[in-house]
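Protein chains: 2
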Amino acid sequence: MTKAARKSTEEKLLLAARRLFCQAGIHATGISRILEEAGVARRSLYTHYGSKENLLKAVLDTEASMWFHWFDLELPDLKCSARERILVLFDLLGKWFEKEDFFGCIFINAVAEHEKDSGWVKDMAGAYRYQIIARLQSLVVESGAGNADMVTQKLGLIIEGAIVTAMVTQSSKAAHIARLAAEDILRCMECSPSQAEAASSATTAAMESA
Amino acid sequence: MTKAARKSTEEKLLLAARRLFCQAGIHATGISRILEEAGVARRSLYTHYGSKENLLKAVLDTEASMWFHWFDLELPDLKCSARERILVLFDLLGKWFEKEDFFGCIFINAVAEHEKDSGWVKDMAGAYRYQIIARLQSLVVESGAGNADMVTQKLGLIIEGAIVTAMVTQSSKAAHIARLAAEDILRCMECSPSQAEAASSATTAAMESA
DNA sequence: ATTAAGGTAGACTGTTCGGTCTACAGTAGA
DNA sequence: TCTACTGTAGACCGAACAGTCTACCTTAAT
Numbered sequence: 001m002t003k004a005a006r007k008s009t010e011e012k013l014l015l016a017a018r019r020l021f022c023q024a025g026i027h028a029t030g031i032s033r034i035l036e037e038a039g040v041a042r043r044s045l046y047t048h049y050g051s052k053e054n055l056l057k058a059v060l061d062t063e064a065s066m067w068f069h070w071f072d073l074e075l076p077d078l079k080c081s082a083r084e085r086i087l088v089l090f091d092l093l094g095k096w097f098e099k100e101d102f103f104g105c106i107f108i109n110a111v112a113e114h115e116k117d118s119g120w121v122k123d124m125a126g127a128y129r130y131q132i133i134a135r136l137q138s139l140v141v142e143s144g145a146g147n148a149d150m151v152t153q154k155l156g157l158i159i160e161g162a163i164v165t166a167m168v169t170q171s172s173k174a175a176h177i178a179r180l181a182a183e184d185i186l187r188c189m190e191c192s193p194s195q196a197e198a199a200s201s202a203t204t205a206a207m208e209s210a
Numbered sequence: 211m212t213k214a215a216r217k218s219t220e221e222k223l224l225l226a227a228r229r230l231f232c233q234a235g236i237h238a239t240g241i242s243r244i245l246e247e248a249g250v251a252r253r254s255l256y257t258h259y260g261s262k263e264n265l266l267k268a269v270l271d272t273e274a275s276m277w278f279h280w281f282d283l284e285l286p287d288l289k290c291s292a293r294e295r296i297l298v299l300f301d302l303l304g305k306w307f308e309k310e311d312f313f314g315c316i317f318i319n320a321v322a323e324h325e326k327d328s329g330w331v332k333d334m335a336g337a338y339r340y341q342i343i344a345r346l347q348s349l350v351v352e353s354g355a356g357n358a359d360m361v362t363q364k365l366g367l368i369i370e371g372a373i374v375t376a377m378v379t380q381s382s383k384a385a386h387i388a389r390l391a392a393e394d395i396l397r398c399m400e401c402s403p404s405q406a407e408a409a410s411s412a413t414t415a416a417m418e419s420a
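Chains as they are written, first to last, in this note's numbering: chain R, 1 to 210; chain D, 211 to 420.
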């Protein structure tokens, strides 16, 4: 902390764990590999975190904090309309996808490889998602949407789709596609706030034979 | 196969493995648990599949076949417009999400917990996704879209988002939201086939500070 | 100078896992 | 009836894993 600001042991472990958990999977990543990548002794991990599970919790906590920090402090800094700030979200997604160490969202990945009926992973991911959606909704409300709740959910779904698509295809194109889709959503919201509901029931009867 | 049509050993293993891999994760599911659930002897698994990895491959193959079968044979059966068939897709998604044994898409989950730079899991998931997108695209083309490729990618992204959202939230609401979002996409496609591209560059400059 | 904190190195442990092996039972066709 | 096939039951093996322990080093405050 004096002048070189060398990474602390905790930071080194957190960074290595985050990368390996995302790149190779959580269960597939052994403690030894994390230690090797972090350049940290075995004992240090257990004095700081106590277990692999606690390390994962710390990684998820850190990830959530980073996103909330960005959402609450950095995004409001650029003074533009709420609609523009929503779209900037997708450009940020693109920058994230372009990073060489992008391997999907660790929350989604963690849920995917843990028990889905119960457990703290599911709970943490749910809480994280709730908070992200809440922040997204305040942007949507600020942009003056009538049916803000539905628009928010559509946008949230597109964001999640973009993250997973980018993970599977290993390409950042998904962010661009997502942004265009979001623009469609916002355009429909402006033109016809309640028309969407009316048009949705016409074709529902066709699904009976499936 | 005579009249009781009892499940074969392979089927029992495939079903148990599919459910457990999805519900609890692939790495977190031990061989013994699969055998217990399937009611099958340990040796039978290895005579039929040789390894856990091969069993996973078989599960993925089966899953892909089921989707392709549905897409190629059942969907064309209901004689309605291509646009309506696209929307029926989302109703089917809803029925899938409502099942008590829905725990996400096994392809997405498998990618999430395996190496993301290389490996057969990534390859299989990529091939599967490619074939699904191709079928989706033929529907979009049939519906008369000008920029069919972009519309297809938007819809594919929404489908993936719905699947992941349904997995994380353990709710089938995502299918309904996805359908409404898809209707927005299709409406924008009809009204202004090329307008979307023009409007997308206006706010791109705002992201420099991120 | 001494002490205490926090680090490294790496041997060690108990458990669990994927996978193999032996022994045996039911069944159906030659 | 013999044989071949397909299955069960479960002991067993080696490897890998998460986690513990001992011994030692460095650094900074007392």
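Using N, Cα and C, we set each Cβ at its ideal position, and we do this for glycine too.
Rounded distance between the beta-carbons of residue j and residue i, thought under 8 Å
i                : j                : result
Leu223 (chain D) : Ala248 (chain D) : 5 Å
Lys364 (chain D) : Leu180 (chain R) : 7 Å
Phe313 (chain D) : Ala385 (chain D) : That belief does not hold up - the Cβ atoms of Phe313 (chain D) and Ala385 (chain D) are roughly 15 Å apart, past 8 Å.
Leu157 (chain R) : Ile296 (chain D) : Actually they do not touch by this definition, with Cβ atoms about 16 Å apart.
Ile241 (chain D) : Glu323 (chain D) : The pair is not a contact, with the Cβ atoms about 17 Å apart (cut-off 8 Å).
Ile316 (chain D) : Phe231 (chain D) : 6 Å
Asp77 (chain R)  : Asp394 (chain D) : Actually they do not touch by this definition, with Cβ atoms about 30 Å apart.
Glu63 (chain R)  : Arg33 (chain R)  : Between Arg33 (chain R) and Glu63 (chain R) the Cβ distance is about 20 Å, and since that is not below 8 Å, they are no contact.
Gln233 (chain D) : Glu115 (chain R) : 7 Å
Val111 (chain R) : Met377 (chain D) : 7 Å
Residue i: CB within 8 Å of a non-hydrogen atom of the ligand FAD
i                : result
Gly144 (chain R) : Absent from the structure shown: the ligand FAD. Ligands present: none.
Exposed unless 16 or more other CB atoms sit within 10 angstroms - verdict on residue i
i                : result
Ala337 (chain D) : exposed
Asp362 (chain D) : In the sequence as presented, Asp is not what sits at residue 362 (chain D); that position holds Thr. Buried, since its Cβ has 16 or more Cβ neighbours within 10 Å.
Gly94 (chain R)  : buried
Cys290 (chain D) : exposed
Ile255 (chain D) : Strictly speaking, residue 255 (chain D) in this sequence is Leu, with Ile absent from that position. Burial call: buried.
Tyr130 (chain R) : exposed
Gly161 (chain R) : buried
Cys401 (chain D) : exposed
Met66 (chain R)  : exposed
Asp117 (chain R) : exposed
Leu283 (chain D) : exposed
Ala5 (chain R)   : Any reading at Ala5 (chain R) must be qualified, since the residue scores a pLDDT of 46, below 50, and its modelled position is unreliable; no value is offered.
Thr239 (chain D) : buried
Thr257 (chain D) : exposed
Arg83 (chain R)  : buried
Lys99 (chain R)  : exposed
Asp123 (chain R) : exposed
Thr212 (chain D) : Confidence is the limiting factor: at Thr212 (chain D) the pLDDT is only 31, short of 50, which leaves the residue's position unreliable, though a coordinate-based value still follows. Counting Cβ neighbours within 10 Å, Thr212 (chain D) comes out exposed, since fewer than 16 surround it.
Asp91 (chain R)  : buried
Asn109 (chain R) : buried
Where the region 108-119 of chain R meets chain D: residues whose CB sits under 9 Å from a CB there: Ile108, Asn109, Ala110, Val111, Ala112, Glu113, His114, Glu115, Lys116 and Asp117
For the region 268-355 of chain D, which segments carrying the alpha helix (DSSP H) assignment without a break, of at least 4 residues, lie completely within its bounds, in sequence order? 292-308, 316-322 and 330-352
To be precise: take each residue of the region 11-32 of chain R, compare its Cβ to all Cβ atoms of chain D, and keep it if any distance is under 8 Å. Which residues remain? Cys22, Gln23, Ala24, Gly25, Ile26, His27 and Ala28
When Cβ atoms are compared, which residues of the region 145-168 of chain R fall closer than 9 Å to chain D? Met150, Gln153, Lys154, Leu155, Gly156, Leu157, Ile158, Ile159, Glu160, Gly161, Ala162, Ile163, Val164, Thr165, Met167 and Val168
Taking any Cβ of chain D, which residues in the region 169-184 of chain R have a Cβ under 9 Å from it, in chain order? Thr169, Gln170, Lys173, Ala174, His176, Ile177, Ala178, Arg179, Leu180, Ala181, Glu183 and Asp184
Can you pull out the residues from the region 246-257 of chain D whose beta carbon lies closer than 9 Å to at least one beta carbon of chain R? none
Looking at chain R, which residues of the region 257-274 of chain D have a Cβ within less than 9 Å of any of its Cβ atoms? none
Could you list the residues in the region 330-344 of chain D with a C-beta less than 9 Å from some C-beta on chain R, going in chain order? Lys332, Ala335, Gly336 and Arg339
Against chain R: residues of the region 303-315 of chain D by CB proximity under 8 Å: Lys305, Phe313 and Gly314
Unbroken stretches of the alpha helix (DSSP H), 4 residues or longer, contained in the region 146-196 of chain R: 148-169 and 173-191
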